[in-house]
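Note that UniProt numbering has the sequence shown beginning at 1, numbered continuously upward.
Note that CB positions come from ideal geometry on N, CA and C, so glycine has one too.
See structure below.
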Amino acid sequence: MTGLFEGKLPRHISEFVFTIAVALCGFSLFTTLCATIFVISKCESGNSEATTARINQLTYMLSFHCVPEEHKVQAIEYLKRYYTDAESNDRETVRLLCPSIANDIQVKLLKSTIAQVSLFDGCSDQFIVAMTSLLEMVAVPAQTTLFSAGDYGDAMYVVHSGVLSTICNSVTVRELRKGSCFGEISVFSSLSRTATVVSTSYATLDTQNVLL
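The following block contains the structure:
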């Protein structure tokens, strides 16, 4: 308390009151910081327990229904990644926001990616914003076929995380990673898919159904 006055004790009432006020503010900030850290740790602990409970419940259900071990491992891995990957907190946070704010955040994050799609080259800024705002995030486990060659084209995709493979005639011709966009021609036509796309790892994608 004497540090405010170069080591001397407060001599006046105003100095003493000021010193007490500074000390109380410091104590209040320290208490608030400790409380915030405690609440955050409790939330993380609660989320971890909820995730573990979901996984245990799924494991029991799969075992009860005699699901093959290969599919069981894949399903459990998907659930673990869905609730513990880096994007899980982002998804939960966005759900708590009002739709207009969530939409603004989505446009801010994905607008540049959509603008780089060759099919949309030369389109107005308003069109790009409208396209971006219609995207919805989905998550898929590894070895999931999004669509096969010859399927009806009904959506476009933007890779948010993970790796996917484009396969033609049983040959992998391209790997799709974060920021890659595919299937955009299907947004404006009813052409059949020319290739098969399979997720190589757990992946999250932003997708949009056809407009026409």
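Same chain only: Cβ atoms within 6 angstroms of residue i, ignoring 5 sequence neighbours per side
i, result
"residue 199", "140, 142, 144 and 164"
"residue 131", "114"
Where residue i falls, given that 16 or more other Cβ within 10 Å makes a residue buried
i, result
"residue 158", "buried"
"residue 126", "exposed"
"residue 152", "exposed"
"residue 202", "buried"
"residue 64", "exposed"
"residue 3", "Only weak support is given to the placement of residue 3: the predicted model assigns it a pLDDT of 47, under 50, and the question is left unresolved by the model."
"residue 184", "buried"
"residue 36", "exposed"
"residue 17", "exposed"
"residue 31", "exposed"
"residue 160", "buried"
"residue 214", "Only positions 1 to 212 of the chain appear in this structure, which leaves residue 214 out of reach."
"residue 177", "exposed"
"residue 197", "buried"
"residue 146", "buried"
"residue 194", "exposed"
Beta strand (DSSP E) segment containing residue i, residue limits
i, result
"residue 206", "203 to 209"
Unbroken alpha helix (DSSP H) run spanning residue i, endpoints
i, result
"residue 161", "It is not in any alpha helix (DSSP H) - residue 161 instead sits in the beta strand (DSSP E) that spans 155 to 161."
"residue 107", "99 to 115"
Other residues of its chain near residue i: CB distance less than 8 angstroms, five sequence neighbours each side excluded
i, result
"residue 111", "128, 129 and 132"
"residue 107", "129, 132 and 133"
"residue 76", "55, 58, 59 and 62"
"residue 191", "153 and 185"
CB contact check: residue i to chain B, cutoff 8 angstroms
i, result
"residue 68", "Annotation note: the requested chain B is absent from the structure, which comprises a single protein chain."
Counting only runs of 3+ residues fully inside the UniProt domain "Cyclic nucleotide-binding" (119 to 205), write out the beta strand (DSSP E) ranges in chain order.
Runs found: 136 to 140, 145 to 147, 155 to 161, 164 to 168, 171 to 176 and 196 to 199.
Contained beta strand (DSSP E) runs [length at least 3] in the stretch 54 to 84, N- to C-terminal order
The beta strand (DSSP E) runs of length 3 or more contained entirely in the stretch 54 to 84 do not exist; there are none.
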